[in-house]
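Going down the list, the sequences are from chains A and B.
Position in the first sequence (from 1) plus 122 gives the number in my numbering.
Position in the second sequence (from 1) plus 122 gives the number in my numbering.
Each residue gets a CB set at the ideal place from its N, CA and C atoms; glycine is no exception.
Number of protein chains: 2
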Amino acid sequence: MTEARMPGFSRCNNATLRRAARSLGRFYDDAVAPSGLKGTQFGLLFQIHVSSEPAMGTIAEALIMDLSALGHTLKPLIRDGYIETFADKEDRRVKRVRLTPQGEVKLDEAIKLWSVAQQQFEDKVGAEQAAKLRAALDAVADLNLEMPTAAPSN
Amino acid sequence: MTEARMPGFSRCNNATLRRAARSLGRFYDDAVAPSGLKGTQFGLLFQIHVSSEPAMGTIAEALIMDLSALGHTLKPLIRDGYIETFADKEDRRVKRVRLTPQGEVKLDEAIKLWSVAQQQFEDKVGAEQAAKLRAALDAVADLNLEMPTAAPSN
DNA sequence: CGGCAAAAGTGGCATATGCCACTAATTGAA
DNA sequence: TTCAATTAGTGGCATATGCCACTTTTGCCG
């Protein structure tokens with residue numbers, strides 16, 4: 123039946139990673155859905171929450187995401203009143219982000235939901251294994267891979 | 123520096139997975155870019171290539187992706203003439219997919235580019251480690267996690 | 001055979017992400 | 001001080017993904 127997924131295929135690290143991301147993403151999405159948030163939005167709110175009024179660029183860097191992509195993703199959250207932005211006093215080019223009171227409330231609500239999914243996941247794969255997997259994923263994410271195209275400047 | 127990424131944050135398996143996916147995704151995207159394909163499109167063409175004129179549902183299941191999402195993703199590839207669809211003789215509800223001759227050519231071209239990225243990745247993390255990571259990811263993807271929300275029908 | 005439930009896709013709508021071109025604010029010289 | 005180069009975001013465009021509602025086929029049952 124699942125022969126369609128030839129063993130030779132899953133050799134692509136990227137495809138395998140995306141496949142797992144889709145799968146796990148749906149699980150966490152379902153979990154936090156009652157809050158009205160998506161898994162990604164929850165993660166974003168959390169990231170902002172644990173940072174100190176981070177600049178957009180700082181968030182983008184931490185999450186390894188394109189700055190403009192972050193901007194787009196932030197819009198629905200601003201629209202819904204969960205976060206707000208304000209210019210940095212020192213450098214007016216910099217836009218900082220923070221949760222609104224409603225955002226804090228919503229985050230607390232979502233954390234409870236998230237915990238259930240997180241716990242269930244850890245129960246299934248084991249906290250130890252989960253930690254190892256996260257470590258491996260962080261290592262991959264921080265590899266800083268680059269195609270030779272852009273030859274090193276020096 | 124990267125203090126913005128509090129250790130407490132990466133505890134979310136989903137967020138960690140997505141972050142890694144964004145990172146690796148860009149790497150592979152850059153690699154196959156010269157072919158005009160995205161990493162996901164390459165993966166899709168490959169999946170179709172190694173299958174036998176698979177039905178859309180079959181592909182979606184193998185890749186653990188929403189059927190409608192697959193349909194949307196397929197459009198650009200059909201528009202560009204890399205794949206074509208046709209109704210199944212037995213069951214007219216089923217729509218099968220196959221590569222066009224141009225699609226085969228494009229895939230061959232992309233495979234060469236992909237190989238470079240794949241090789242570079244394996245060189246960095248080690249073929250052994252990469253294989254283990256993929257296995258772990260496949261295991262996670264196939265966990266079949268589900269939020270209790272949908273209480274068993276019986 | 002008629003009709004209803006299940007299966008397979010489609011289309012619409014919304015978020016997630018990226019890249020590129022462009023604007024505003026800074027910084028670093030000359 | 002003035003202007004070119006750099007930095008931080010924005011807006012537009014395109015793909016990636018999901019969910020939901022709806023249509024077409026099937027399959028099955030009385």
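- Secondary structure remark: continuous beta strand (DSSP E) runs of at least 3 residues inside the segment 171-231 of chain A, in chain order: 205-209, 217-221.
- Not one beta carbon of chain A lies nearer than 8 angstroms to the beta carbon of Thr-195/B.
- In this structure, Arg-218/A sits near Glu-175/A, with a CB-CB distance shorter than 8 angstroms.
- For Gly-203/B, the closest Cβ of chain A is not nearer than 8 angstroms.
- Contact between Ala-142/A and Leu-139/B holds, since their C-beta atoms are separated by about 6 angstroms, short of 8 angstroms.
- Of the other Cβ atoms in all chains shown, 16 or more fall within 10 Å of the Cβ of Arg-256/B; this residue is therefore buried.
- The three-state secondary structure of Glu-250/A, taken from DSSP, is helix.
- In terms of Cβ geometry, Leu-265/A and Pro-156/A do not form a close pair [threshold 8 angstroms].
- One alpha carbon belongs to Ala-253/B, the other to Asp-210/B, and they sit about 36 angstroms apart.
- Under the Cβ distance rule, Val-262/A counts among the residues neighbouring chain B, one pair being separated by less than 8 angstroms.
- In this structure, the beta-carbon distance from Ile-186/B to Leu-196/B does not fall below 8 angstroms.
- Here DSSP, grouped into helix, strand and coil, assigns Glu-244/B to helix.
- In the three-state reduction of the DSSP assignment, Leu-267/A falls in the coil class, being assigned neither a helical nor a strand state.
- Judged by their CB atoms, Leu-259/A and Val-262/B are not nearer to each other than the 8 angstroms cut-off.
- In this structure, DSSP gives Leu-139/B a helical state, which the three-state scheme calls helix.
- Excluding its 5 nearest sequence neighbours in each direction, Gln-224/B has C-beta neighbours in its own chain below 8 angstroms: Gly-203, Tyr-204, listed in chain order.
- The shortest CA-to-CA distance from Lys-246/A to any of Met-269/B, Ala-137/B, His-194/B is the one to Met-269/B.
- Across the set Pro-198/B, Asp-213/B, Leu-221/B, the C-alpha of Leu-221/B shows the shortest separation from the C-alpha of Thr-207/B.
- Distance from the CA of Tyr-150/A to the CA of Leu-199/A, rounded to the nearest whole angstrom, comes to 18 angstroms.
- Annotation: Leu-229/A has no Cβ neighbours in chain B at a cutoff of 8 angstroms; minimum Cβ distance is about 13 angstroms.
- Neighbourhood of Thr-162/B in chain A, by CB distance below 9 angstroms: Asn-136, Ala-137, Arg-140, in chain order.
- The distance from the Cβ of Leu-229/A to that of Phe-168/A is about 7 angstroms, consistent with a contact at the 8 angstroms cut-off.
- Taking the C-beta atoms as reference points, Ala-232/A is found nearer than 8 angstroms to Leu-159/A.
- Against chain B, a Cβ distance below 9 angstroms from Val-247/A picks out Asn-135, Ala-258, Ala-261, Val-262, Leu-265.
- The shortest C-alpha to C-alpha distance from Ser-237/A to any of Arg-148/A, Gln-163/A, Val-154/A is the one to Val-154/A.
- Taking a Cβ-Cβ cut-off of 9 angstroms, the neighbours of Ile-186/A in chain B comprise Arg-141, Ala-142, Arg-144, Ser-145, Arg-148, given in sequence order.
- Across the set Phe-164/B, Met-178/B, Gly-193/B, the C-alpha of Met-178/B shows the shortest separation from the C-alpha of Asp-213/B.
- Short of 8 angstroms from the beta carbon of Leu-189/B, and not among the five residues preceding or following it, lie these beta carbons of its own chain, in chain order: Met-178, Gly-179, Ala-182.
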